[in-house]
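Engineer:
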Amino acid sequence: MGDVLAGFHAAWEFESDSVLIRYERGIRTPKLFQALGARRIPLAALAGVTVGAGRRGTVVLRAEPRPGADPLMDAADGQLKESCDPYRLVLPAEQETPAERCAEELRARIFENGPADRHLVAPPAAPLQFKAYDGKAFFDGTTVRFRWSWTGASSAKWKAGDQSFPVADMGGVEWRSPEAFEGHLRLLPRDPGTAAPPPQPDQDPASVVFGLGYGPVHESLPFAAAVLAAVREAGPPTPVPVPAPHRDPADIAERIRHLGELHQAGLVTDEEFSLKKAELLSEL
21 MGDVLAGFHA AWEFESDSVL IRYERGIRTP KLFQALGARR IPLAALAGVT
71 VGAGRRGTVV LRAEPRPGAD PLMDAADGQL KESCDPYRLV LPAEQETPAE
121 RCAEELRARI FENGPADRHL VAPPAAPLQF KAYDGKAFFD GTTVRFRWSW
171 TGASSAKWKA GDQSFPVADM GGVEWRSPEA FEGHLRLLPR DPGTAAPPPQ
221 PDQDPASVVF GLGYGPVHES LPFAAAVLAA VREAGPPTPV PVPAPHRDPA
271 DIAERIRHLG ELHQAGLVTD EEFSLKKAEL LSEL
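Numbering-wise, the sequence shown is residues 21 to 304 according to my numbering.
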């Protein structure tokens, strides 16, 4: 195709078998885009493409990735805000005609729309690391390590000590956005053993928790995607049931304390604080 569409925060270059997306590094560009830098999306990884009206005199070109084709979107699991969607290109309204033309050409080259049996989009490259609320997470491509922080880690994690998890022992990754209450990254075992509920993330040595600015999306999500891709490359994981966790009074008190910290820091509104506190107390 050879066409290039330059929009707000990104430019898409359309090639015969892929789309090369280059993200800007401007101050207004979402930090996730800046962290991704550039991504090559094979057409085989796409299920479709749409063009529609955006806000304030813009038009939006969006590609739809196939389930299972992109480890980043698999790890995000629908939690990304629209403004941080890496498959969404916002263009000035006068670019609607070339956007429609590119969309038509893409549709003519897309032949798959079901789940992919493997990742087709390259994951973020290791080594990667980020700072969570209760420790630091490191990934070298084969092993994830958690090193606990004395200011944030629970006594359960201190007793367990710093942790090391080979990819071969993992069955998956659970990422919960730091922009929601109780955000965390949990490493799921390949062999889940019993069906007992997992501990709360702040008590689980296989998890790190987010909050108060720790574990931001642009750091923790690429990390989760890289680990997920390595796990999938290592072989099909054993399905891991994730039953609803059991709450005890001590745990609820700890979660309310953490919620209060978020409220005092201005990261949770008065209404959100009251609703979540009431929800937690109702579990006693």
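Quick reminder that beta carbons are idealized off the backbone N, C-alpha and C, glycines included.
Are there 16 or more other CB atoms within 10 angstroms of the CB of S302, so buried, or fewer, so exposed?
Structural biologist: Per the 10 Å Cβ criterion, exposed.
Engineer: On a CA-only basis, which of P85, G98 and C104 is nearest K51? Give me that one, please.
Structural biologist: Out of P85, G98 and C104, C104 has the C-alpha closest to the C-alpha of K51.
Engineer: Taking 8 Å as the threshold (C-beta atoms), are T162 and P186 in contact?
Structural biologist: Yes, Cβ-Cβ distance for P186 and T162 is below 8 Å.
Engineer: Could you give the distance in angstroms between the alpha-carbon of Q54 and the alpha-carbon of R45?
Structural biologist: Taking the straight line from one Cα to the other gives about 5 Å.
Engineer: Using beta-carbon positions only, say whether R59 and P106 come within less than 8 Å of one another.
Structural biologist: Their beta carbons are under 8 Å apart, which means R59 touches P106 by this criterion.
Engineer: Considering V141, what are the terminal residues of the beta strand (DSSP E) in which it resides?
Structural biologist: Looking at the DSSP string, V141 is not in any beta strand (DSSP E), and its letter there is neither H nor E.
Engineer: Provide the residue(s) that pair with A58 in DSSP beta bridges, ordered along the chain.
Structural biologist: Bridge partners of A58: R42.
Engineer: Using the three-state DSSP reduction, which class does S174 fall into: helix, strand or coil?
Structural biologist: If DSSP states are grouped into helix, strand and coil, S174 belongs with coil.
Engineer: Take A26 as the anchor and find which of A65, F201 and E114 has the nearest alpha-carbon.
Structural biologist: It is E114 whose Cα lies nearest to the Cα of A26.
Engineer: From E202 to D224, what does the alpha carbon distance come to, in whole angstroms?
Structural biologist: Cα to Cα, the separation comes out at about 13 Å.
Engineer: Under three-state DSSP, which class holds A30?
Structural biologist: Looking at A30 - three-state DSSP - the assignment turns out to be strand.
Engineer: Please work out which residues of its chain come closer than 6 Å, Cβ to Cβ, to M93, disregarding the five sequence neighbours upstream and downstream, and give them in chain order.
Structural biologist: Only P85 meet the Cβ criterion.
Engineer: Could you check how far apart the C-beta atoms of L248 and V193 are, in whole angstroms? I think they sit under 8 Å.
Structural biologist: 5 Å between Cβ atoms; contact.
Engineer: If you follow the alpha helix (DSSP H) that P242 is part of, which residue opens it and which one closes it?
Structural biologist: Element bounds for P242: V237 to A254.
Engineer: Whose CA, out of H29, E33 and S38, lies closest to the CA of T49?
Structural biologist: T49 has its Cα closest to that of H29, out of H29, E33 and S38.
Engineer: Take E38 and list the residues in its own chain whose beta-carbon comes closer than 7 Å to its own, dropping the five residues that flank it on each side.
Structural biologist: One point to set straight first is that residue 38 is Ser, not Glu, in the sequence displayed. If we look at S38 and ignore the five residues flanking it on each side, its Cβ neighbours are R60, I61, P62 and L63.
Engineer: Would you call P47 buried or exposed, if buried means 16 or more other Cβ atoms sit within 10 Å of its Cβ?
Structural biologist: The residue you asked about is not Pro; residue 47 is Ile in the sequence shown. Its Cβ having fewer than 16 others within 10 Å, I47 is exposed.
Engineer: Report the three-state DSSP secondary structure of E194 (helix, strand or coil).
Structural biologist: E194: strand per DSSP, three-state reduction.
Engineer: Can you tell me which of the three DSSP states F201 falls into?
Structural biologist: Coil, per DSSP.
Engineer: So, does the stretch 145 to 159 touch the stretch 226 to 240, judging by three or more C-beta pairs under 8 Å?
Structural biologist: Touching, yes.
Engineer: If we count the other Cβ atoms within 10 Å of its Cβ and call it buried at 16 or more, is K177 buried or exposed?
Structural biologist: The residue in question, K177, is buried, as its Cβ has 16 or more Cβ neighbours within 10 Å.
Engineer: Expressed to the nearest angstrom, what Euclidean distance is found between the alpha-carbon atoms of E35 and L279?
Structural biologist: Approximately 48 Å between the Cα atoms of the pair.
Engineer: Which residue from R167, A200, P218 and Y43 puts its Cα closest to that of V237?
Structural biologist: With distances taken between Cα atoms, V237 lies closest to A200.
Engineer: Just how far apart, CA to CA, sit A254 and V141?
Structural biologist: Roughly 16 Å separates the two Cα atoms.
Engineer: Looking at the structure shown, is T117 part of a helix, part of a strand, or coil, going by DSSP?
Structural biologist: Helix, per DSSP.
Engineer: Just to check my reading of the structure: F243 and F166 have Cβ atoms closer than 8 Å, yes? What is that Cβ distance to the nearest angstrom?
Structural biologist: That pair is no contact at about 12 Å.
Engineer: Since R108 and E102 are thought to touch, with beta carbons under 8 Å apart, how far apart are those beta carbons, to the nearest angstrom?
Structural biologist: Right, their Cβ atoms sit about 7 Å apart.
Engineer: Return the chain-ordered list of same chain residues with a C-beta closer than 6 Å to the C-beta of D222, the five sequence neighbours on each side being excluded.
Structural biologist: Contacts found: S174 and V229.
Engineer: When the distance is taken between beta carbons, is G57 closer than 8 Å to A136?
Structural biologist: Cβ distance not < 8 Å, so A136 and G57 don't count as in contact.
Engineer: Can you check which of these residues, T171, S197, E132 and R75, is closest to A245 by C-alpha distance?
Structural biologist: Measuring from the Cα of A245, the nearest candidate turns out to be S197.
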